[in-house]
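First up is the structure itself, then whatever we jot down about it.
2 protein chains.
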Amino acid sequence: MASSIHDLARHLNISIGTVSRALNGRADVNAETRQRVLDAARKLNYSPNQSGRSLRQGATRSIAFMLQPHPGDQQYGEPFFIPFLSGLQERLAESDLDLIVVMGAPGDYQQERLRRVVETRRADAVVLAWTRRDDERIDYLTERGFPFATLGRSRSGGKAYPSLDLDFEKAGSDAVDRLVARGHRRIAAIRPSLNLNFGYLFLDGYRKALRRHGIEVDPGLIADGFINEAGGYQVTPRVMLSKDRPTAIIFNNDAMALGGCKALAEMGIRPGHDMAVIVIVDTPLCRYFSPALTGFRPALGPMGRRLAEMLLASLPAHAGPEGPRTIREVWPLELVARESD
Amino acid sequence: MASSIHDLARHLNISIGTVSRALNGRADVNAETRQRVLDAARKLNYSPNQSGRSLRQGATRSIAFMLQPHPGDQQYGEPFFIPFLSGLQERLAESDLDLIVVMGAPGDYQQERLRRVVETRRADAVVLAWTRRDDERIDYLTERGFPFATLGRSRSGGKAYPSLDLDFEKAGSDAVDRLVARGHRRIAAIRPSLNLNFGYLFLDGYRKALRRHGIEVDPGLIADGFINEAGGYQVTPRVMLSKDRPTAIIFNNDAMALGGCKALAEMGIRPGHDMAVIVIVDTPLCRYFSPALTGFRPALGPMGRRLAEMLLASLPAHAGPEGPRTIREVWPLELVARESD
DNA sequence: TGTGTTGTCGTAAACGTTTACGGGAAAACG
DNA sequence: CGTTTTCCCGTAAACGTTTACGACAACACA
Numbered sequence: 000m001a002s003s004i005h006d007l008a009r010h011l012n013i014s015i016g017t018v019s020r021a022l023n024g025r026a027d028v029n030a031e032t033r034q035r036v037l038d039a040a041r042k043l044n045y046s047p048n049q050s051g052r053s054l055r056q057g058a059t060r061s062i063a064f065m066l067q068p069h070p071g072d073q074q075y076g077e078p079f080f081i082p083f084l085s086g087l088q089e090r091l092a093e094s095d096l097d098l099i100v101v102m103g104a105p106g107d108y109q110q111e112r113l114r115r116v117v118e119t120r121r122a123d124a125v126v127l128a129w130t131r132r133d134d135e136r137i138d139y140l141t142e143r144g145f146p147f148a149t150l151g152r153s154r155s156g157g158k159a160y161p162s163l164d165l166d167f168e169k170a171g172s173d174a175v176d177r178l179v180a181r182g183h184r185r186i187a188a189i190r191p192s193l194n195l196n197f198g199y200l201f202l203d204g205y206r207k208a209l210r211r212h213g214i215e216v217d218p219g220l221i222a223d224g225f226i227n228e229a230g231g232y233q234v235t236p237r238v239m240l241s242k243d244r245p246t247a248i249i250f251n252n253d254a255m256a257l258g259g260c261k262a263l264a265e266m267g268i269r270p271g272h273d274m275a276v277i278v279i280v281d282t283p284l285c286r287y288f289s290p291a292l293t294g295f296r297p298a299l300g301p302m303g304r305r306l307a308e309m310l311l312a313s314l315p316a317h318a319g320p321e322g323p324r325t326i327r328e329v330w331p332l333e334l335v336a337r338e339s340d
Numbered sequence: 000m001a002s003s004i005h006d007l008a009r010h011l012n013i014s015i016g017t018v019s020r021a022l023n024g025r026a027d028v029n030a031e032t033r034q035r036v037l038d039a040a041r042k043l044n045y046s047p048n049q050s051g052r053s054l055r056q057g058a059t060r061s062i063a064f065m066l067q068p069h070p071g072d073q074q075y076g077e078p079f080f081i082p083f084l085s086g087l088q089e090r091l092a093e094s095d096l097d098l099i100v101v102m103g104a105p106g107d108y109q110q111e112r113l114r115r116v117v118e119t120r121r122a123d124a125v126v127l128a129w130t131r132r133d134d135e136r137i138d139y140l141t142e143r144g145f146p147f148a149t150l151g152r153s154r155s156g157g158k159a160y161p162s163l164d165l166d167f168e169k170a171g172s173d174a175v176d177r178l179v180a181r182g183h184r185r186i187a188a189i190r191p192s193l194n195l196n197f198g199y200l201f202l203d204g205y206r207k208a209l210r211r212h213g214i215e216v217d218p219g220l221i222a223d224g225f226i227n228e229a230g231g232y233q234v235t236p237r238v239m240l241s242k243d244r245p246t247a248i249i250f251n252n253d254a255m256a257l258g259g260c261k262a263l264a265e266m267g268i269r270p271g272h273d274m275a276v277i278v279i280v281d282t283p284l285c286r287y288f289s290p291a292l293t294g295f296r297p298a299l300g301p302m303g304r305r306l307a308e309m310l311l312a313s314l315p316a317h318a319g320p321e322g323p324r325t326i327r328e329v330w331p332l333e334l335v336a337r338e339s340d
């Protein structure tokens, strides 16, 4: 079948030890021999069997990415993740690491999938997405001492692990500032239900900014919904029930905004004319919507790359010179002003 | 560190052979001993090391999914893939198989990543997405005799492998039928550039239906663009240049339609009023757009599950009773009539 | 010439499993 | 009681690597 290191050694009349050393660039092998090995490897189309390496080295050279959908949403936060995933996997590939994607419902099932990965040592480390406010996965991994990194912060206190997040708090605050500057005082906020941490962060920023402007926070102007089009559609009317209607709405993400605008349209309210709309997490969709939605754009691809790098630096095997390691980073969200506010 | 089968054996005063047999449900082990082993395994928190199994069994228990972005599009056909991926991975998980996601630019780079997976035996099989009309990856895999399945057809002739595709031809044809029935005769088609096969299939159906209705195919009403919002935005005006303007446009997918509608809006043309719009590949976005876009909805999740099943059935190791195996399936696209046409 | 050093390579163990094989005891059978 | 069968289990090889160790030759040095 596929050629092994033994075939190569036999073909060269050399021991497998020498072949291995030559291939792995060790010092104690003659330059000429190394070249012969390299040539033969190419000729015989040899690549080392990954299972063999993994077993011997105790490392699988792969990283698991855990993704969970939200109840009521089969979409896994789609538009958000692929660019991130792409950056992540690109960086991992550069270090010859593979990406294993593990999906599954949150809660027990996801936890079980995670346990399987860890205990059968299928991956050397784990990347967590959609971190919850209190995330049991983080507890589990720190307890086991298994390397991991997270996209998003969580409340799990005092634990040290690489994490990367967006500054939702500042975005929420900036959105309010911008709307207030444009004369709005009745500003609604629509965020995802569940205990997704960024929903809280965004709302914190929103609240603080309102207070700073001397505007009372009206609970009737805050609503939670599924983090998708349907969620935005269902929940937006609720905010319009107030006796004193909002003149602006901040949506957590593009999908919710899309559903929300649909609901507004059905009420005869035109986003961008009769109602200012701002989106916190901007995607290409926002730009091409009518009216084009102003929002805060994340640098998803670079974030994926960066988190991969932070994770690698925290891994004993891949760490470079034992320099200081970045533990947590919070990246800014850049405002893209368009037509909807 | 993590417990091995030796620890378990020592703890039970039993040989590792027996432990392994007990765990793997083989017949030649006493019922009581098996129970003791099972209990101890749970107590000591033992799970077999995957690298060890892989090496011994010559199978990694993982499947690679190859995804390529399109030039000019960093999005990997986002909204389309996650639900599919979710179904795929769910089904694989049920057979205790992991999913490795390999991304990378099409062409040489993607080919090299594929070679690495195959030659280093990181996966037992491969799933190809975004198949091109002539796909060198398919040639490579069949030549190597490596198991694989594809989402989408390709032109690579005479090769037998499981493949699953949508009936884009019929959808293109149905779309024309529907528009003609509503009085349209100037119907434009906007499809992805590159040699993505579904672009051709869709256009074939479109052309045939027009001819069936005795309408001449006007090349000026057909345009190619990047398969995303920007592509639709850029290319739609081109179709409007005809001296005899179209009264209806069929877009290949939701993202292109979104961009196209934006372009129309800027020309003062209101989709659903002044211009009929139909989308071939419908996603949740279409429903919540204003006007809600009529389109053809694919059953992405079930398709993922099904392709996983077809692939498994074609694998020697996982094949059930040697029944006949489905090789290719073409699934219908279901029309969802909404407001835009 | 004897001793120490350097450069290169082969040997063999080890990683954690699964499994073919054989052995011994108990059960079944005459 | 002797023979055959059945049931369980232990032994050891094998999967494909990497790597610690030692051997050997060549060379330098005194």
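Protein sequence lines correspond, in order, to chains A and B. Using numbering that gives the first Met the number 0, the letters of the first sequence correspond one by one to residues 0 to 340. Using numbering that gives the first Met the number 0, the letters of the second sequence correspond one by one to residues 0 to 340. No residue lacks a Cβ here, since even glycine has one placed at the ideal position from N, Cα and C.
Cβ-Cβ distances below 8 Å link B/Pro82 to Leu299, Gly300 and Gly303 in the same chain, with the five nearest sequence neighbours on each side left out; the list follows chain order. Short of 8 Å from the beta carbon of A/Leu209, and not among the five residues preceding or following it, lie these beta carbons of its own chain, in chain order: Val175, Ile186, Glu215 and Val216. Put simply, the CB of A/Met239 is far from chain B, with every gap to its CB atoms at 7 Å or more. For A/Gly198, the closest Cβ of chain B is not nearer than 7 Å. Counting only residues of its own chain and dropping the five nearest sequence neighbours on each side, A/Asn252 has a CB closer than 6 Å to the CB of Val280. A/Leu98 reaches chain B at Ile99, Val100, Val101 and Met102, counting residues in chain order whose Cβ is nearer than 9 Å. For A/Val179, the enclosing alpha helix (DSSP H) starts and ends at Phe167 to Ala180. Taking the Cβ atoms as the reference, A/Asp6 lies roughly 7 Å from A/Leu43, within the contact range of under 8 Å. Boundaries for A/Gly198: no beta strand (DSSP E) harbours it, while the alpha helix (DSSP H) harbouring it runs Asn196 to Arg211, taken from the DSSP string. DSSP places B/Ala124 outside any alpha helix (DSSP H); the residue lies instead in the beta strand (DSSP E), whose first and last residues are Ala124 to Leu127. Excluding residues up to 5 positions away in sequence, Gly198, Phe201, Leu202, Asp223 and Asn251 lie with their Cβ nearer than 7 Å to the Cβ of A/Arg190 in the same chain. Cβ-Cβ distances below 8 Å link B/Gly219 to Val238, Leu240 and Ser241 in the same chain, with the five nearest sequence neighbours on each side left out; the list follows chain order.
Exposure of A/Met266 is indicated by the presence of fewer than 16 other C-beta atoms within 10 angstroms of its C-beta. Look at A/Lys42: its C-beta is not under 7 Å from any C-beta on chain B. Against A/Ala264, the close residues of chain B are Ser289, in the order they occur along the chain (beta-carbon pairs closer than 8 Å). One thing to note: B/Asp123 has its Cβ within 7 Å of the Cβ of B/Thr59.
A Cβ of chain A is located within less than 7 Å of the beta carbon of B/Lys261.
Chain B has no Cβ within less than 7 Å of the Cβ of A/Thr17. Under DSSP, the beta-bridge partners assigned to B/Ser162 are B/Thr149 and B/Arg327. Bounds of any beta strand (DSSP E) do not take in A/Asp134, whose DSSP letter is neither H nor E.
The C-alpha of B/Asp27 lies about 36 Å from the C-alpha of A/Gly103. Across the stretch 134 to 148 of chain A, no CB contact with chain B closer than 7 Å is found for any residue. CA-to-CA, the gap between A/Glu111 and A/Leu178 works out to about 45 Å. In this structure B/Ser162 is in contact with B/Arg327, their Cβ atoms being roughly 5 Å apart against a cut-off of 8 Å. Every alpha helix (DSSP H) stretch that sits fully inside the stretch 241 to 291 of chain B and reaches 4 residues is listed by chain position as 253 to 265 and 283 to 287. About 17 Å separates the beta carbon of A/Leu98 from that of A/Phe145, a gap too long to meet the 8 Å contact definition.
Counting only the Cα atoms, A/Tyr205 lies some 18 Å from A/Arg132.
Just measuring C-alpha positions, the residue of A/Ser153, A/Gly106, A/Gly51 and A/Gly16 sitting nearest A/Val36 is A/Gly16. When DSSP states are grouped into helix, strand and coil, B/Thr141 belongs to the helix group. For B/Ile62, the uninterrupted beta strand (DSSP E) segment begins and ends at Ser61 to Leu66. In the three-state reduction of the DSSP assignment, A/Val100 falls in the strand class, which pools E and B. Residue-level contact by beta carbon holds for B/Thr119 and chain A, with a gap shorter than 7 Å. Straight across, the Cα-Cα distance linking A/Ala264 with A/Ser46 is about 59 Å. Per DSSP, reduced to three states, the secondary structure at A/Arg185 is coil, with no helix or strand assignment. Of the candidates B/Ile226, B/Gly171, B/Asp138 and B/Ile221, B/Gly171 places its Cα closest to the Cα of B/Lys207.
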